[in-house]
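Everything below concerns the one structure shown next.
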Amino acid sequence: MDEVFARLTAWLAPLTPFTMEEAWTTRFPDAGTNCARVIPETPGQWRNPAEAERWAGVETVLEVVNEALEAARRDKIIGGALDAWPTVTAPAELLAPFDGLDAAEVFRTSGAELVTGGEAVTVAVNLADHPKCARSWRRVPDVGSDPAYPDLSARDADAVRFWDQTH
42 MDEVFARLTA
52 WLAPLTPFTM
62 EEAWTTRFPD
72 AGTNCARVIP
82 ETPGQWRNPA
92 EAERWAGVET
102 VLEVVNEALE
112 AARRDKIIGG
122 ALDAWPTVTA
132 PAELLAPFDG
142 LDAAEVFRTS
152 GAELVTGGEA
162 VTVAVNLADH
172 PKCARSWRRV
182 PDVGSDPAYP
192 DLSARDADAV
202 RFWDQTH
């Protein structure tokens, strides 16, 4: 985790300088300013060509989904991606890279359905017709399922409960 932290704080410094400076100096108070750091060289053994190929496949589908979401936003069907629950239809080989992934997380939508079929990637942008979680803003059916956190989804209620118990 230290290696990832070192790279992320250096990489994101030009975009969020104050946040990265605070993160860096909080974790390493005697290490000097984050602004003077460069991204460390990435070790060669971190390379994973198979995983890179997998994510290239994910990106192929993601591009089509993003175009559909943008068109739906432009047409005022949705306000933002978290208002959407797209149904993505594509040949099995194009959906295979999503095995083990939560497509909604990849698409940054409240939910997603992957359907095998057709000869190309098609996307139907459906509204996520569920209550909105006060923490993640995802529109999911389990918002309010935890009486201790009635404004949160089950996932977010678990996270907040863990935080409350450890702090």
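The numbering used here puts the sequence shown at residues 42 to 208. We treat Cβ as the ideally placed atom computed from N, Cα and C, and that holds for glycine.
query                                                                                                       : result
Which of helix, strand or coil DSSP assigns to residue 66                                                   : helix
Identity of the residue in 69, 42, 175 and 76 nearest residue 56 by Cα                                      : 76
Helix, strand or coil at residue 101 according to DSSP, with G and I counted as helix                       : helix
Sequence ranges, beta strand (DSSP E) only - wholly within the segment 128-173, length at least 3           : 128-131, 154-157 and 163-165
Nearest-angstrom Cα separation, counted from residue 168 out to residue 108                                 : 16 Å
Nearest-angstrom Cβ-Cβ length linking residue 193 and residue 180, presumed shorter than 8 Å                : No, residue 193 and residue 180 are not in contact; Cβ-Cβ is about 13 Å, not under 8 Å.
Endpoints, alpha helix (DSSP H) assigned at residue 87                                                      : First-last for residue 87: undefined, no H or E at that position.
Selection from 54, 78 and 105 that minimises the alpha carbon distance to residue 161                       : 105
Cβ neighbours of residue 190 in the same chain (closer than 8 Å, five flanking residues each side left out) : 197, 198, 201 and 202
Stretch pair the segment 120-128 + the segment 139-150: three plus CB contacts closer than 8 Å              : yes
Opposing strand residues paired with residue 125 [DSSP bridges]                                             : 168
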